Amino acid sequence: MCSKNFDEYEKKYFPKNETPDHLCKEMKKFIAKAGVHPSVVEYGAFNKMIGFSAIAVDDEKTAINHLIESHAVLHRQQVSLRYKKTEIRGNCGYNQKFGVNPSHLEFNVDCHEGPDSLKDKLAELPKEWYMVQLTQPYNPGKWQPENSNSIHPLHLTVLPTGPEAIAPFTITIPASDNSMYDLCQDIKDLLGTNKSSLQAQYGNHAMYWKMRQHQNNRMKNAVKEMEYKWLREWRILLVADPLEPSDATREIIAVVDKLVTDNRLMSVLSPKTMWLLRKVATSAGFLNKVEIATLVTVILSGHKKLAKNIILSIISKFSLVCQLQQEKRKTTVLIVDEEIDYLPLEAMEILQYHPATRFPSFHVVYAMFKEHEDSIIDGCKTVKINDSSGMGIVNPGDNLPKMEKRLRIFMDYWLPNWRTIYNILPEEDGLANAFVDALVNHEVMMYNGHGSGIHYLPGERIEKLRVKAAVLLFGCSSVKLQPIGGRFPPYGVSNQYLIACSPCTLGMNWEVTDLDTDRMTSFFVSTWIPSKAEIHWKFVDFDKWGNGKFEYRFNIEKYQKEQLKDTFEPEMLRAVSISKKVCLQFMTKAAVVVRGLPIKIEWNE
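Position 522, counted from 1, in the sequence shown is what full-length UniProt numbering calls 522; the numbers after and before it change by one each time, with no gaps.
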């Protein structure tokens, strides 16, 4: 499966008359000579090339290790540099707070067994996680736009976690064959003009809303192309396993296992093959019948009779497997190559209603797990809060008056005991110090203003902190990875929060408008964080609240108090997926991204 993809789609990227095995050895020699801190771009590129070479010779373990090592090289160097600077300042007598310990990022790519191996590290991670890495292949032509195509093959590396998990494996998905439409370039073009389109002057409201609808449709089409034409049937590898398998799940798995046993192949098929067959069976509700047949045929390429029987059995139970789409699933941990981080992966149908978070690298996942290990229970970092555990910074630039009015109403109603700062700060309190207070002394920090707030608290200063808070940045492009020039990968403030050990950061991956963002903000916060308010926020008239007025949607006197309450979702990522439904614009919904650990709050009145 991997070798075929390599031959058809990636061999053109390598020098002629070179065997993959020889090329792999030569590149390893080059990396060994580079020293402790090799060039970021070359180190990442060489590891990708070694990974692809290993795929060509069916050395999957080596391929996976090097594909993992190719991610977030710059970020990992920044972690080491910041830690060393902090050590030096501490030795000079300054009181310092350490961020991520770089020792947690150490990885021996040549180690396949033992305590330092990928296998053992994965076994330490929570079984409630479902981890998938997406890697863009090495492409020397990407710096020559006229010779390169944005659509490229994609390596999906499944990294099962927990002590009983199967070994990781990788699948190479070929580039989409739709030569008439380049979805990557279309998304880049759309995002490149997004800000100017939103800020432009329009002759009337109809023209503005026509522009918004055009944006929404264009992004929807790109997401559909990504999901159904690029990832195709392999998109089910992004679907997390059920958290607790239902009777229906166990039934469909039993059907597959029985067919394999009846064919006397249970001892012949590898754990990876059995895992994939069960995955297809339990995720068939996300596929059509042709895609089911295609997957099973590829997985069981040497066993046509068994493949046919499994295909018929899954299709015969199609109504049953469709019910599994709504099962409560594990948290999807997406490790996304920085070069494709702009893609709205969470907006795909298979992910939009399930918990998902992003990391730049497996090494960063492991490091953050080790830093917060003591407070991680059942796959979530548990945070104990009360009605005054958070802090809000709203409209610090004093240039978003409508947003401020809406959020003042919400905060006064739902979280009156939070310390919330609006536009003008007390004279004795600087804005940067207010940010620091929110980050290091509170469990949750919410920022509502332009951007990510780094024009008030620079990223350099964030790195020097030990951030305690879960960070909510409801500003334009607040967690976007920005180009930093030359051939370097993009970088963002979310990287700096990770360096400072912030458990997670929620934000926007591109520009958004304030009203739709405020709707999502209030619905998310009131879904995730409990309140002593007698009537739940969801019963408020959102249309009138959008205009700065507070009213309920109906006469509340006709209802008992119990009817005006609602249940809370303590897991942050699940609350985010629920809250996206209130967004009126697809562009807003698709922009929401969470980076970092899954968070679960424990209400302590």
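Heads up, the beta-carbon is just placed ideally off N, CA and C, and yes, glycines get one too.
Please read these numbers as outputs of a predicted model, since none were measured by experiment.
*Between the Cα of Phe488 and those of Lys600, Asp337 and Cys504, spot the shortest distance and give me the residue it belongs to.*
Checking every option, the nearest Cα to that of Phe488 belongs to Asp337.
_Using the Cβ count rule (16 or more neighbours within 10 Å means buried), how would you classify Asn147?_
Because the pLDDT at Asn147 is just 44, under 50, the model does not fix this residue reliably, and the value given afterwards should be weighed accordingly. The residue is exposed, with fewer than 16 neighbouring Cβ atoms inside 10 Å.
*asked:* In whole angstroms, give me the CA-to-CA distance for Asn149 and Asp398.
replied: At Asn149 the pLDDT is 49, less than 50, meaning the model places this residue with poor confidence; the figure from the coordinates comes in the next sentence. So the two alpha carbons sit approximately 44 angstroms from each other.
*Excluding the 5 residues preceding and the 5 following Gln496 in the sequence, name in chain order all residues of the same chain whose CB lies nearer than 6 angstroms to its CB.*
Cβ neighbours of Gln496 within its own chain (closer than 6 angstroms, five residues either side excluded): Gly459, Ile462 and Glu463.
*Write down every uninterrupted run of the alpha helix (DSSP H) in the segment 260-297 whose length is 4 residues or greater and which is fully enclosed by it, in chain order.*
Runs of the alpha helix (DSSP H) inside the segment 260-297: 271-282.
*When DSSP labels each residue in this structure, what does Met348 get in the three-state scheme?*
The answer is coil: DSSP assigns Met348 none of H, G, I, E or B.
*asked:* Since Val223 and Pro344 should fall inside the 8 angstroms C-beta cutoff, what is the C-beta to C-beta distance between them, to a whole number of angstroms?
replied: At roughly 6 angstroms, the Cβ-Cβ gap stays under 8 angstroms, so Val223 and Pro344 are in contact.
_Classification of Gln482 by the beta-carbon crowding that lies within 10 angstroms, buried from 16 upward_ = By the neighbour-count rule (16 or more Cβ atoms within 10 Å), Gln482 is not buried but exposed.
*Simplified DSSP state of Ile68, which is helix, strand or coil*: Helix.
*Just the C-alpha distance for Ala500 and Phe30, rounded to the nearest angstrom, thanks.*
One C-alpha to the other measures close to 33 angstroms.
*asked:* Can you tell me where the alpha helix (DSSP H) holding Gly90 begins and where it ends?
replied: Where Gly90 is concerned, the enclosing alpha helix (DSSP H) stretches over Val73 to Asn91.
*Of the choices Glu124, Val582 and Phe524, whose alpha-carbon is the least far from that of Val594?*
With distances taken between Cα atoms, Val594 lies closest to Phe524.
*Under the three-state reduction of DSSP, which class applies to His303: helix, strand or coil?*
Coil.
*Taking 7 angstroms as the cut-off, decide whether the C-beta atoms of Trp129 and Ile173 are in contact.*
The beta carbons of Trp129 and Ile173 sit no closer together than 7 angstroms.
_With a threshold of 6 angstroms on Cβ separation, who are the neighbours of Ala591 within its own chain once the five nearest residues in sequence on each side are excluded?_
Only Met508, Asn509, Trp510 and Val512 meet the Cβ criterion.
*Tell me which same chain residues have a C-beta within less than 8 angstroms of the C-beta of Ile197, skipping the five on either side of it?*
For the sequence presented, residue 197 should be read as Ser rather than Ile. For Ser197, where only same-chain residues beyond five positions count, the Cβ hits under 8 angstroms are Met211 and Gln215.
*Anticipated Cβ contact below 8 angstroms, Thr161 with Pro126, distance rounded*: Yes, Thr161 and Pro126 are in contact; Cβ-Cβ is about 6 angstroms, under 8 angstroms.
*What residue does the beta strand (DSSP E) around Ser404 start on, and which one ends it?*
The amino acid at residue 404 is misidentified as Ser; the sequence shows Glu. Element bounds for Glu404: not the beta strand (DSSP E) but the alpha helix (DSSP H), Pro401 to Trp414.
*Looking at the unbroken alpha helix (DSSP H) that takes in Ile55, where does it start and where does it end?*
Run containing Ile55: Val40 to Ala56, per the alpha helix (DSSP H) assignment.
*Tell me whether Ile599 is buried or exposed, calling it buried when 16 or more other Cβ atoms sit within 10 Å of its Cβ.*
With 16 or more other Cβ atoms within 10 Å, it is buried.
_Span of the alpha helix (DSSP H), counted from its first residue to its last, around Met572_ = That run of the alpha helix (DSSP H) goes Met572 to Ser579.
*Whole-angstrom Cβ separation of Arg218 and Leu190, contact assumed at under 8 angstroms?*
About 6 angstroms separates the two Cβ atoms, so the contact holds.
_Can you tell me whether Cys2 is helix, strand or coil according to DSSP?_
With a pLDDT of 47 at Cys2, under the threshold of 50, the modelled position of that residue is not reliable, and no figure is offered here.
_Ignoring anything shorter than 3 residues, give me the beta strand (DSSP E) runs that lie fully in the segment 154-178, in order along the chain._
Runs found: 154-160 and 169-173.
_Extent of the continuous alpha helix (DSSP H) run through Gly459_ = For Gly459, the enclosing alpha helix (DSSP H) starts and ends at Gly459 to Glu463.
*Helix, strand or coil for Arg553 per DSSP?*
Arg553: coil per DSSP, three-state reduction.
*If you drop the 5 nearest sequence neighbours on each side, which residues of the same chain put their C-beta closer than 6 angstroms to that of Asn417?*
Asp387 and Ser388, listed in sequence order.
*Answer yes if the segment 447-454 comes into contact with the segment 393-413, meaning at least three C-beta pairs across the two stretches below 8 angstroms, and no otherwise.*
Here the segment 393-413 makes contact with the segment 447-454; the two share three or more CB pairs at distances below 8 angstroms.
*Please report how far the alpha carbon of Thr517 lies from the alpha carbon of Ile601, in whole angstroms.*
Cα-Cα distance, rounded: 23 angstroms.
*Figure out for me which residue from Gly285, Thr505, Gln585 and His155 has the closest Cα to the Cα of residue 667.*
Only positions 1 to 605 of the chain appear in this structure, which leaves residue 667 out of reach.
*Which two residues bound the contiguous beta strand (DSSP E) that contains Thr505?*
Per DSSP, Thr505 is one residue of the beta strand (DSSP E) stretching across Cys504 to Met508.
_Contact belief for Leu573 with Thr357 at Cβ below 8 angstroms, rounded distance in angstroms_ = Between Thr357 and Leu573 the Cβ distance is about 6 angstroms, and since that is below 8 angstroms, they are a contact.
*According to DSSP, is Phe359 helix, strand or coil?*
Assignment of Phe359 by DSSP, reduced to helix, strand and coil, places it in the strand class.
*Report the three-state DSSP secondary structure of Glu251 (helix, strand or coil).*
In the structure shown, Glu251 sits in a helix (DSSP, three-state: H, G or I).
*How about Ile310 and Leu259: are their beta carbons less than 7 angstroms apart?*
Yes, these two residues count as a Cβ contact at 7 angstroms.
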